[in-house]
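Read through the structure below, which is laid out as structure tokens, and then see the notes.
Next comes the structure, spelled out in structure tokens:
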């Protein structure tokens with residue numbers, strides 16, 4: 001079997017994460033009835049926030065969206081197209097419409113962010129935390145701008161846990177000497193599917209209780 | 001005609017932006033009846049927040065307020081003087097009192113931030129986004145600390161659009177081979193005046209509507 | 001008298017600050033009835049937020065928690081242990097339970113952050129501001145996640161002033177040619193005790209008034 005090049009897989013994973021988070025941002029902003037600037041801003045913060053924090057913490061330059069400036073144009077175009085489309089069709093996104101792209105973006109950024117940190121010789125725990133930040137910070141910015149409690153802190157249905165687990169799955173795949181491209185795909189799908197199952201079956205962490 | 005040195009113009013533009021945002025921060029903090037520490041903190045965050053984010057993203061060191069530490073002393077002195085003055089005169093700033101310095105700071109930081117990024121060989125879109133961050137992030141921090149929805153996200157009167165347009169005007173002036181010092185002044189005034197007109201004539205972006 | 005090695009004292013001061021802020025974060029999160037993920041996240045943000053901002057602004061790599069990854073494991077273990085313990089004993093932390101570790105973390109991070117910046121040849125004002133950020137930003141993140149107005153902006157009982165004063169005490173000790181290890185301990189204790197006295201005796205800054 002011929003596995004694709006690691007760099008290409010990593011780029012593809014980032015593109016999937018960026019586009020998925022952009023959709024989640026567009027949905028969230030539309031539900032808040034933000035204007036075109038607001039929709040674009042929220043889409044951009046959701047799509048690029050996590051990777052930017054990761055690049056700042058790891059001191060990677062150029063930032064990934066400076067290196068791949070075509071992604072910025074893509075998200076700008078997506079936001080404008082989405083606003084025009086939803087207006088023309090009188091479609092309003094539901095809460096659900098945000099959850100699925102959010103789960104995909106979270107899972108793919110978790111794997112991608114962890115891999116990038118591992119590639120810079122970070123210890124496993126640090127790499128997994130970088131993946132966690134990549135996976136969650138865009139959503140935190142999105143939720144703050146839309147005036148909601150960020151779901152990474154409030155969602156009892158295993159949001160951050162999924163991103164954390166996805167990173168460790170990647171570490172485990174490397175320990176098992178799997179090819180990197182395969183490990184990336186396994187980890188991204190693991191975190192995404194775990195999150196989707198948590199939403200579908202309403203898996204919860206126990207709340208703090210002090211009765 | 002003898003144009004002044006680019007470095008001097010750029011420094012002057014940053015000083016205008018810093019002082020203008022400091023005034024907007026002092027006004028906002030005074031309206032919230034913050035104490036001296038709060039006024040100083042909000043003035044400092046408004047004045048230095050945008051440029052610090054730009055310098056972090058572009059990896060410029062020393063940060064501009066570390067290189068020009070005299071600006072930090074200036075803002076400290078301004079905040080203390082403003083508190084003493086407003087107390088002595090029993091003057092309370094109005095909402096209006098914040099809007100004009102905010103427009104000036106936004107316009108000048110938009111031009112200055114874009115120029116700095118262009119000077120580091122960034123692509124035009126990236127440079128304009130860096131100018132946008134420089135122009136808006138200080139105000140975002142100011143509004144968050146003062147517990148308001150940041151006007152960059154909520155103000156339907158073309159706040160972010162003005163900063164974005166100012167950056168593109170600078171790019172256009174360079175494309176037209178105007179001298180940099182002149183281009184900077186044109187772009188800064190363009191963004192500032194556009195914002196002032198938007199306030200004065202209540203220009204709005206259409207809100208999202210889902211009737 | 002044999003003074004201990006400066007590096008050791010600086011590391012000890014950071015460990016005290018990290019652990020103290022972690023406890024303040026655990027208390028704050030427990031009062032908000034966050035789940036295990038929430039408690040761990042708040043503990044981590046409180047413990048590492050300030051030092052991370054300092055390292056970003058000063059461009060120090062590796063980040064202190066990447067260099068000392070044992071501290072991350074320690075805080076993870078502390079958070080889990082605290083949740084299990086408080087559940088087993090049905091103990092709910094009071095507001096008070098947060099204030100004392102917060103005061104200790106603030107004081108020690110103020111001295112440590114200022115020293116690190118001075119060691120990088122920063123001007124005194126910049127170094128003191130870096131110490132102030134180190135001392136306060138973790139608490140800001142903690143309070144934002146717990147949905148409270150950050151006490152650094154709202155607490156009229158001299159929160160930021162203590163961190164600021166601690167930094168200047170360190171600068172003064174250096175000017176008086178005291179050994180660095182001694183200066184660090186004096187400054188850390190000064191800021192901590194000043195904050196504790198401000199809480200105990202309810203020292204306040206005058207509020208803004210516009211009668």
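Protein chains in written order, with the UniProt record's numbering: chain A, 1 to 211; chain B, 1 to 211; chain C, 1 to 211.
Glycine included, every Cβ here is placed at the ideal spot set by N, Cα and C.
query                                                                                                                         : result
Chain-ordered neighbours of residue 122/C on chain B, where CB pairs are closer than 7 Å                                      : 66
Beta-carbon proximity of residue 44/B to residue 81/B, cut-off 9 Å                                                            : no
Own chain residues within Cβ distance below 7 Å of residue 146/A, not counting five before or after                           : 28, 29, 32 and 42
Endpoints, the alpha helix (DSSP H) within which residue 174/A is located                                                     : 159 to 175
Which of helix, strand or coil DSSP assigns to residue 212/B                                                                  : This structure cannot settle anything about residue 212/B, because the visible part of chain B is limited to 1 through 211.
Sub-9 Å separation of residue 127/A and residue 117/A beta-carbons                                                            : yes
Nearest-angstrom Cα separation, counted from residue 35/B out to residue 76/A                                                 : 41 Å
Which listed residue (186/C, 166/C, 167/C and 159/C) has its alpha carbon closest to that of residue 205/C                    : 159/C
CB contact below 9 Å: residue 52/B versus chain C                                                                             : yes
Listed by chain order, chain B residues near residue 126/C by CB distance under 9 Å                                           : 62, 63, 65, 66, 69 and 72
7 Å Cβ shell around residue 13/A - same chain, five flanking residues per side excluded                                       : 108, 111, 112, 184 and 188
Local Cβ density within 10 Å of residue 94/C, reported as buried at 16 or more and exposed below that                         : exposed
Inter-residue Cα distance where the pair is residue 122/C and residue 67/B                                                    : 10 Å
DSSP-derived helix/strand/coil call for residue 120/C                                                                         : coil
Three-way DSSP call (helix, strand, coil) for residue 211/C in this model                                                     : Low local confidence applies: a pLDDT of 41 at residue 211/C is under 50, so the model's placement there is unreliable, and no value is given.
Residue 100/B (DSSP reduced to helix, strand or coil)                                                                         : helix
Cross-chain neighbours of residue 141/C in chain A, by beta carbon under 7 Å                                                  : Within chain A, no residue comes near residue 141/C; the closest Cβ sits about 11 Å away, beyond 7 Å.
Within chain C, partners of residue 59/A - CB distance below 7 Å                                                              : 61
C-beta atoms of residue 49/C and residue 138/C nearer than 9 Å                                                                : yes
Cutoff 7 Å; reference residue 201/A; Cβ partners in own chain excluding five residues on either side                          : none
Residue-level contact to chain B via CB, residue 15/A, 9 Å cutoff                                                             : no
Selected residue, minimal CA-CA separation from residue 83/B, among 174/B, 5/B and 23/B                                       : 23/B
Pick from 164/A, 193/A, 180/A and 186/A that is closest to residue 8/A, judged by C-alpha positions                           : 180/A
Own chain, CB closer than 6 Å to residue 141/A, minus 5 neighbours either side, in chain order                                : 45 and 49
Residue 73/A vs residue 170/B beta-carbon contact at 9 Å                                                                      : no
Integer-rounded CB distance, given that residue 163/A should sit under 8 Å from residue 131/A                                 : 7 Å
CB contact check: residue 56/A to chain B, cutoff 9 Å                                                                         : yes
Burial state of residue 4/B, where buried means 16 or more other Cβ atoms lie within 10 Å                                     : exposed
Proximity test, Cβ basis, 9 Å: residue 169/C and chain B                                                                      : no
Chain C within 9 Å of residue 113/B, Cβ atoms only                                                                            : no
Members of the region 95 to 113 of chain B near chain C, C-beta cut-off 9 Å                                                   : none
Residue 150/C at chain B interface by Cβ criterion, 9 Å                                                                       : yes
Neighbourhood of residue 98/B by C-beta distance below 7 Å, restricted to the same chain and skipping five residues each side : 24, 27 and 28
Of the listed residues 62/C, 129/C, 195/C and 173/C, nearest to residue 186/C (C-alpha basis)                                 : 173/C
Cα-Cα separation between residue 114/C and residue 106/A, rounded to whole angstroms                                          : 37 Å
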